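The structure appears right after this line, and notes come after that.
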Amino acid sequence: MIENLLFKNNLSKINLKEKIYFTILKTQFNQQLEEFAKVTMDFWHYYQLETYNNGNLVFKLNQYLFNHLLSYFKNNIIDFMYIFEFLFNSYQRSLQKSTFWDVYKSYSSIFYNANWIKNQKYLILEIKNIKEISTNIWNFGYHGLGYAFWIIRPQSNKENSGYDNNGRWFLSRKIEFKLI
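Everything in the sequence shown is counted per this note's numbering, starting at -11 for the first residue and increasing by one.
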């Protein structure tokens, strides 16, 4: 049984179907899991993250972080893997503890178009996915546990999917970076 985390349907515990064997003390694992949950929630608070039913994400950034993202735009670097690595590592540097931290990326072959929409107060990365089954995942790891963003797999609906001019089916997703 895992307890004290918010699970599906607002449950505070789940029963596991199979036994799990740990190579560390239960108290140590519980402490690490609790710390990981706190770090994950603090990540959301640090960037004041917002999510929407259409799969869009909104990060709220201070001036330093916003300017750094603008430098990606100025250099025409649109590989958003580096952007997420920067966001994860910026947050990690803000933590008080120096616990081992890692950023993991896993992705399949992806065909997408990326478009930057820029303003003085926001920067939007609009991603148009051309291959329906592709996945693109960015994780940060803490105490050997990981938290993931599935970037290009929103729910398909009339607003974010359709056919492009070449007759290829696509999903689109927006990741917005707002200056606070």
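Every residue, glycine too, gets a C-beta built ideally from N, C-alpha and C.
Since this is a predicted model, take the numbers as computed values, not measurements.
Note down the Cα distance separating residue i from residue j, rounded to an integer number of angstroms.
i	j	result
Y110	V91	25 Å
N18	N107	44 Å
L113	N103	6 Å
L45	I163	5 Å
E23	Q16	11 Å
F54	I12	41 Å
N50	N153	38 Å
Measure from the C-beta of residue i to each C-beta in chain B and report whether the shortest distance is under 7 Å.
i	result
K106	Although the question refers to chain B, the structure presented lacks it and comprises just one protein chain.
Sort the options by Cα distance to residue i and report the nearest one.
i	options	result
W89	T39, F47, E73	E73
H56	K26, L75, Q16, I163	L75
R81	G132, V27, I105	V27
Which residues does DSSP pair with residue i in a beta bridge?
i	result
Y60	Y60 pairs with nothing; no bridge assigned.
N103	E114
T39	L45
Which same chain residues end up closer than 7 Å to residue i when comparing Cβ atoms and leaving out the 5 residues on each side of it in sequence?
i	result
K48	Y35, Q36, K166, I168
For residue i, which residues of its own chain have a beta-carbon under 6 Å away from its beta-carbon, when the five flanking residues on both sides are left out?
i	result
F31	Y79
E38	V46
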